[in-house]
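Note sheet for the following structure.
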Amino acid sequence: MDPCKVSLKLPASARHQVFFSETGIRIIESFAGIEKSAENTKYLSDCKLLLHELFTNAVNHSGSSEVEFQFSFEEDLFSIEMVFEGAGFTIKPVKEDSTPGTVKHKPPYKGLEGEKFILHLDADFEVVCEVTGEHELTLKNRERTSPKAEDRFSIPEHFGLFIITMLGHDVHYKRDKEGKNFFSLKKSLP
Amino acid sequence: MNFDIMIHSGIKVFRIHNPRATSTIAPEFRNLLIEEITMHPGAIIAIDFSKVDYIDSSFIGSLVAGYKESLKHNVTIKVFGTQERVESTFESTKLYNLFEIFKNFTQLKKTLE
């Protein structure tokens, strides 16, 4: 497969949610050459959920009127870059019992370089955010590193980020000098 | 109508009629579920997902909010009728740690006999 790129720009409005998810899936199917088959059903279903969560985040949290998605296809993976205006990614760490914390960090993340924050915590997994620069960070889904809480009272938050980091990898956010935000991730092809 | 509530074999059944359980209907679901929970302490509420073929993180968040409220009011929430795609999202997000999930209402009812 030859490397190629496809862009899609649309208003950041909930009423375009279905259009975006359906169009995004068609783009992935077509440019990655994925046929509709029983083996690929789960993969495409995961892709659709991933697209849905990305768009939902753009609509609910970006404050931007428009959002642009760039799909890039390579040999064995594809990547999605979401470009939007607005205040950028706010780090909202959860507490040890998985409940929402009170601390929030908006970009620029001055003095936070190298710091790690847990944004989602369940019985087995956690989403960890590492600040890699004043205007950038990475997000990873990994096995929980702290002792398990009693399940009944460990009720996770931020499922959207959990889904995005579980279904995609190399999740990265950066903000440029003009105040444009770039949220990107990769996904291996089936 | 996105939801309705009926009594089936003595169990309160919360039916979701919209096939897309997403952010569009999540706030309404959350409000209705919490209202039912607070009005009926000690009750068993069965949530019918048989018409739902898609669920997103916002709706999951509403379910979790209902679960939190249910702990305060000693209400038991059970889920049934999940289709393959919904079940897969439930598994990924570990919702089965919070809710008992049944294939259908008959199976759910048997556990209460």
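Those protein sequences? They're chains E and U, same order as listed.
Heads up, the first sequence is in my numbering, so the first residue is 1 and it goes up one at a time.
Heads up, the second sequence is in my numbering, so the first residue is 1001 and it goes up one at a time.
C-beta: ideal position from N, C-alpha, C; glycine also.
Remember, it's a predicted structure, so these values are computed and weren't measured experimentally.
Note down, in chain order, every chain U residue with its Cβ under 9 Å from the Cβ of A38 (chain E).
-> Against the first sequence, residue 38 (chain E) aligns to sequence position 38. The premise fails here: A38 (chain E) is roughly 11 Å from chain U at the closest Cβ pair, so nothing lies under 9 Å.
Rounded C-alpha distance that separates I25 (chain E) from E1113 (chain U) = Here residue 25 (chain E) is taken as the residue at index 25 of the first sequence, counted from 1. Here residue 1113 (chain U) is taken as the residue at index 113 of the second sequence, counted from 1. Rounded to whole angstroms, the gap between the alpha carbons of I25 (chain E) and E1113 (chain U) is 45 Å.
Could you check where the beta strand (DSSP E) with S79 (chain E) kicks off and where it finishes?
-> The residue given as residue 79 (chain E) occupies position 79 in the first sequence. Run containing S79 (chain E): L77 to F84, per the beta strand (DSSP E) assignment.
Specify whether the region 88 to 103 of chain E and the region 64 to 71 of chain E touch according to this definition: at least 3 beta carbon pairs, one from each stretch, less than 8 Å apart.
-> Note that the region 88 to 103 of chain E does not touch the region 64 to 71 of chain E; fewer than 3 beta-carbon pairs, one per stretch, sit closer than 8 Å.
Under 9 Å from the C-beta of G1061 (chain U): neighbouring residues of chain E | Along the second sequence, read from residue 1 onward, the residue named residue 1061 (chain U) stands at position 61. In chain order: E157, H158, F159 and G160.
Please check if any C-beta of chain U sits within less than 9 Å of the C-beta of Q17 (chain E).
-> On the first sequence, position 17 is the one that residue 17 (chain E) refers to. Answer yes: the Cβ-Cβ gap between Q17 (chain E) and chain U drops below 9 Å somewhere.
Kindly identify the DSSP beta-bridge partner or partners of S7 (chain E).
-> As a first step, residue 7 (chain E) must be located in the first sequence, where it is residue number 7. Beta-bridge pairing links S7 (chain E) to E:Q70.
Could you give the DSSP three-state label for A1021 (chain U): helix, strand or coil?
-> As a first step, residue 1021 (chain U) is located in the second sequence; it is residue number 21 there, counting from the start. Correct three-state label for A1021 (chain U): strand.
Determine, using beta carbons only, whether S204 (chain E) comes closer than 9 Å to chain U.
-> Summary: the structure shown does not reach residue 204 (chain E), with chain E confined to residues 1 through 190, and so no result is reported for it.
At a Cβ threshold of 9 Å, is S1092 (chain U) touching chain E?
-> Here the question's residue 1092 (chain U) lines up with position 92 in the second sequence. Yes, because at least one Cβ of chain E sits closer than 9 Å to the Cβ of S1092 (chain U).
Under 9 Å between the Cβ atoms of S1058 (chain U) and T41 (chain E)?
-> Numbered from its first residue, the second sequence carries residue 1058 (chain U) at position 58. Numbered from its first residue, the first sequence carries residue 41 (chain E) at position 41. Using a Cβ distance threshold of 9 Å, S1058 (chain U) and T41 (chain E) do not count as a contacting pair.
Work out the CA separation of F183 (chain E) and E81 (chain E) for me, nearest whole Å.
-> Reading the first sequence from its first residue, position 81 is the one you call residue 81 (chain E). Reading the first sequence from its first residue, position 183 is the one you call residue 183 (chain E). Answer to the nearest angstrom: the Cα atoms are 6 Å apart.
Are the C-beta atoms of N1097 (chain U) and some chain E residue less than 9 Å apart?
-> Numbered from 1 along the second sequence, position 97 holds the residue referred to as residue 1097 (chain U). It does: the Cβ of N1097 (chain U) has a partner Cβ on chain E nearer than 9 Å.
Taking the alpha-carbon positions, what's the E126 (chain E) to T102 (chain E) distance?
-> As a first step, residue 126 (chain E) must be located in the first sequence, where it is residue number 126. As a first step, residue 102 (chain E) must be located in the first sequence, where it is residue number 102. Distance between the alpha carbons of E126 (chain E) and T102 (chain E): 18 Å.
Opposite Y256 (chain E) in the DSSP bridges: which residues?
-> Past the boundaries of the shown model lies residue 256 (chain E); chain E is included only from 1 to 190, so the question cannot be answered.
What's the C-alpha gap between H61 (chain E) and H158 (chain E)?
-> As a working mapping, residue 61 (chain E) is identified with position 61 in the first sequence. As a working mapping, residue 158 (chain E) is identified with position 158 in the first sequence. Distance between the alpha carbons of H61 (chain E) and H158 (chain E) is about 12 Å.
Taking Cβ-Cβ distances shorter than 9 Å, what residues in chain U pair up with I80 (chain E)?
-> What you label residue 80 (chain E) is simply residue 80 of the first sequence in a count that begins at 1. Result: empty, since nearest Cβ-Cβ is about 17 Å, beyond 9 Å.
Run through DSSP, which three-state label would P100 (chain E) get?
-> As a working mapping, residue 100 (chain E) is identified with position 100 in the first sequence. Looking at P100 (chain E) - three-state DSSP - the assignment turns out to be strand.
Mind checking who R1015 (chain U) pairs with in its DSSP beta bridge?
-> Position 15 of the second sequence, counted from the start, is the residue given in the question as residue 1015 (chain U). Paired residue(s): U:D1004 and U:D1048.
Below 9 Å between beta carbons: does that hold for I1025 (chain U) and F1003 (chain U)?
-> Along the second sequence, one-based indexing puts residue 1025 (chain U) at 25. Along the second sequence, one-based indexing puts residue 1003 (chain U) at 3. Yes, these two residues count as a Cβ contact at 9 Å.
Between the CA atoms of D1056 (chain U) and I1011 (chain U) - distance to the nearest angstrom = Your numbering for residue 1011 (chain U) matches position 11 in the second sequence. Your numbering for residue 1056 (chain U) matches position 56 in the second sequence. Spanning the two alpha carbons is a distance of roughly 27 Å.
Sort out for me which residues DSSP pairs G129 (chain E) with in a bridge.
-> Reading the first sequence from its first residue, position 129 is the one you call residue 129 (chain E). The amino acid occupying residue 129 (chain E) in the given sequence is Cys; Gly does not appear at that position. C129 (chain E) is bridged to E:F117 and E:L139.
State the CB to CB distance for the pair F1049 (chain U) and V1079 (chain U), rounded to an integer number of angstroms; the pair is presumed to be in contact (CB under 8 Å).
-> Numbered from 1 along the second sequence, position 49 holds the residue referred to as residue 1049 (chain U). Numbered from 1 along the second sequence, position 79 holds the residue referred to as residue 1079 (chain U). At roughly 6 Å, the Cβ-Cβ gap stays under 8 Å, so F1049 (chain U) and V1079 (chain U) are in contact.
Any Cβ of chain A within less than 9 Å of the Cβ of V131 (chain E)?
-> You won't find chain A in this structure, because its protein chains are E and U.
Residues of its chain near G88 (chain E), where Cβ-Cβ distance is below 6 Å and the 5 sequence neighbours each way are ignored = Within the first sequence, numbered from 1, the residue matching residue 88 (chain E) stands at position 88. A distance below 6 Å between beta-carbons, with the five flanking residues on each side excluded, links G88 (chain E) to the following residues of its chain, in chain order: P107, R175 and N181.
Secondary structure at I25 (chain E), three-state DSSP: helix, strand or coil?
-> Locating residue 25 (chain E) in the first sequence gives position 25, counting from the first residue. Of the three classes helix, strand and coil, the one that applies to I25 (chain E) here is helix, per DSSP.
A1046 (chain U) to H1073 (chain U) span [Cα, whole Å] | One-based indexing of the second sequence puts residue 1046 (chain U) at position 46. One-based indexing of the second sequence puts residue 1073 (chain U) at position 73. Their backbone Cα atoms lie some 16 Å apart in a straight line.
Residues of chain U with a CB under 8 Å from the CB of E53 (chain E): which are they?
-> Numbered from its first residue, the first sequence carries residue 53 (chain E) at position 53. Under the 8 Å cutoff, chain U gives D1056 and S1057.
Who does S188 (chain E) pair with in a DSSP beta bridge?
-> Counting from 1 along the first sequence, the entry for residue 188 (chain E) is found at position 188. Paired residue(s): E:L77.
Beta-ladder partner(s) of T1076 (chain U), from DSSP | Looking up residue 1076 (chain U) in the second sequence gives position 76. According to DSSP, T1076 (chain U) bridges with U:I1044.
Using a cut-off of 8 Å between C-beta atoms, extract the partners of K42 (chain E) located in chain U.
-> Residue mapping note: residue 42 (chain E) aligns to position 42 of the first sequence, counting from 1. Contacts between K42 (chain E) and chain U, judged by CB atoms closer than 8 Å, involve S1088 in chain order.
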